[in-house]
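The block underneath contains the structure these notes are about, expressed in structure tokens.
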């Protein structure tokens with residue numbers, strides 16, 4: 003397009019041109035306004051979908067139903083489509099504004115994580131003025147940043163150990179071979195860490211990892227990788243035992259379990275094993291101790307398993323209503339605190355099918371508990387107890403009275419009876435949080451830790467054996483403890499696998515995630 007358009011020669015023609023341009027500008031402005039309205043409506047719909055998804059995720063505590071999972075998946079897909087549509091609209095709006103003003107529209111600034119490495123590309127204008135040929139001086143600079151992704155790549159690390167010989171006495175000197183996690187193996191600690199994190203944190207089965215490597219011309223046999231995973235688990239056995247000891251050395255513990263399909267020996271059928279999770283995390287009550295999680299595998303759900311896991315534990319155990327935990331309460335060393343998420347769920351199920359003023363009132367009262375908890379999160383136990391005694395205890399008393407009065411009017415098989423009995427039969431454990439500021443009203447910390455298992459279960463389908471379940475428990479323990487402390491699990495495992503072979507067993511605690519963090523690059527804060 004030429005820089006100068008010939009102007010009309012008469013006033014009438016000039017007037018007509020101005021009117022034409024004004025009409026064109028008005029049309030563009032109208033189109034931009036319409037697109038802006040569409041974007042606002044789309045953004046509002048995106049926020050509504052996000053709220054719906056969050057609500058659905060809160061509706062089911064513990065194991066989610068398949069129907070709910072499908073509903074969430076549909077909403078997630080719809081959300082992605084809307085967000086993609088919003089991106090298309092952004093580009094069109096930017097083009098429209100650029101064409102109307104002749105200047106590119108600036109994108110809104112988003113702060114990029116400061117810990118990421120920066121690669122600078124400097125663009126210099128000519129040092130000689132193109133108009134008058136004088137020298138041009140530096141006036142300033144504009145800086146913009148874009149987030150780039152460097153594709154993961156394989157490389158070969160060659161270790162060359164040179165030898166020297168003394169010309170006088172013939173003494174030969176050579177540096178020792180650096181310690182390797184797996185002797186006489188081609189696998190560098192970085193590769194082993196990548197395989198483990200991809201399998202247990204990113205839920206990518208080994209056969210898929212093998213296919214991904216093949217696209218880069220690298221042959222990684224699935225069986226070889228599986229052997230490496232087993233060797234790494236054995237190498238880290240003392241470390242996971244140290245993690246177990248630390249997790250159990252607390253006065254309050256969160257516990258839960260989830261099923262995991264396991265291939266039965268001798269046939270192609272599967273049986274149902276269990277993964278048990280134990281979480282130490284008192285940060286909500288003001289503690290600065292590192293949070294930790296320890297997983298254990300068992301071939302079934304018999305109560306003897308958690309009783310064995312918790313044999314040396316004394317304190318408060320936060321759990322659901324699983325009967326296998328009840329025997330722990332009999333000796334007096336363990337006090338059970340139950341989860342209001344589960345109690346609320348029973349009431350909500352009834353309200354969903356047969357809403358009434360009573361169920362709505364109860365749900366509102368339980369909702370007030372959560373509001374109070376939000377106000378005191380992070381406060382020390384004594385202050386939490388004081389606030390709960392002042393604000394939560396009267397609500398609990400009113401709720402108990404209302405439930406008992408309602409129960410007396412219902413026939414035994416009424417749907418609401420089960421919901422009432424669930425709470426009243428566990429009332430001591432449900433109200434313990436009012437007497438002890440360390441206790442939470444929810445067992446969501448344990449349930450959050452099990453999310454990685456649920457995602458992995460959908461991808462792996464089943465564990466290959468009981469020993470495979472034990473390996474999964476060990477790796478989940480290390481990886482999830484990293485996540486709880488905002489530590490990059492891949493960087494952590496690479497560090498551990500680099501040093502653990504030569505590390506003294508009596509100093510194994512030095513390799514726990516929070517003790518290694520100072521040697522690693524910072525990780526972005528976790529959303530969980």
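Numbering (my numbering), first residue to last: 3 to 530.
Heads up, the beta-carbon is just placed ideally off N, CA and C, and yes, glycines get one too.
For residue i, the three-state DSSP class (helix, strand or coil)
i	result
residue 107	Unreliable placement is indicated for residue 107, whose pLDDT of 48 sits below 50; the coordinate value is still reported in the next sentence. Looking at residue 107 - three-state DSSP - the assignment turns out to be coil, as it is neither helix nor strand.
residue 2	The question about residue 2 has no answer here: the residues shown for the chain are numbered 3 through 530.
residue 34	helix
residue 21	helix
residue 336	strand
residue 424	helix
residue 500	helix
residue 522	coil
residue 307	helix
residue 491	helix
residue 391	helix
residue 196	helix
residue 312	coil
residue 442	coil
residue 323	coil
residue 415	coil
residue 188	coil
Distance, residue j Cα to residue i Cα
i	j	result
residue 127	residue 151	28 Å
residue 17	residue 141	41 Å
residue 136	residue 129	9 Å
residue 12	residue 139	45 Å
residue 177	residue 166	10 Å
residue 247	residue 257	15 Å
residue 349	residue 419	10 Å
residue 329	residue 313	11 Å
residue 10	residue 27	19 Å
residue 174	residue 163	12 Å
residue 437	residue 415	34 Å
residue 343	residue 265	33 Å
residue 479	residue 402	39 Å
residue 145	residue 122	10 Å
residue 513	residue 235	15 Å
residue 260	residue 40	44 Å
residue 52	residue 448	24 Å
residue 157	residue 521	23 Å
residue 382	residue 335	24 Å
residue 301	residue 308	12 Å
residue 274	residue 494	31 Å
residue 66	residue 347	For residue 66, the pLDDT reaches just 47, beneath the cut-off of 50, and the residue's location in the model is therefore unreliable, although a value from the coordinates is still provided. So the two alpha carbons sit approximately 12 Å from each other.
residue 160	residue 185	15 Å
Contact check, residue i vs residue j, beta carbons under 8 Å
i	j	result
residue 337	residue 434	yes
residue 428	residue 318	no
residue 432	residue 405	no
residue 487	residue 516	yes
residue 286	residue 219	no
residue 37	residue 232	no
residue 294	residue 444	no
residue 352	residue 421	yes
residue 182	residue 230	no
residue 202	residue 477	yes
residue 389	residue 262	no
residue 374	residue 387	no
N- and C-terminal bounds of the alpha helix (DSSP H) containing residue i
i	result
residue 473	468 to 486
residue 217	208 to 217
residue 368	359 to 378
residue 205	Premise fails: residue 205 is in no alpha helix (DSSP H) and is neither H nor E.
residue 409	395 to 409
residue 538	Look at the range of the chain in this structure, 3 to 530, and you will see that residue 538 is not part of it.
residue 430	429 to 433
residue 330	Looking at the DSSP string, residue 330 is not in any alpha helix (DSSP H), and its letter there is neither H nor E.
residue 448	446 to 451
Endpoints, the beta strand (DSSP E) within which residue i is located
i	result
residue 255	254 to 265
residue 277	272 to 282
residue 298	294 to 300
heavy atom of the ligand NAP below 7 Å from residue i C-beta
i	result
residue 192	The ligand content of the structure shown is nil, which means the ligand NAP is not present either.
- [ ] Taking only runs that begin and end inside the segment 115 to 174, name each unbroken alpha helix (DSSP H) of 4 or more residues, in chain order.
- [x] none
Note down, one range per segment and in chain order, each alpha helix (DSSP H) of at least 4 residues found wholly within the segment 220 to 257. 224 to 237 and 239 to 250
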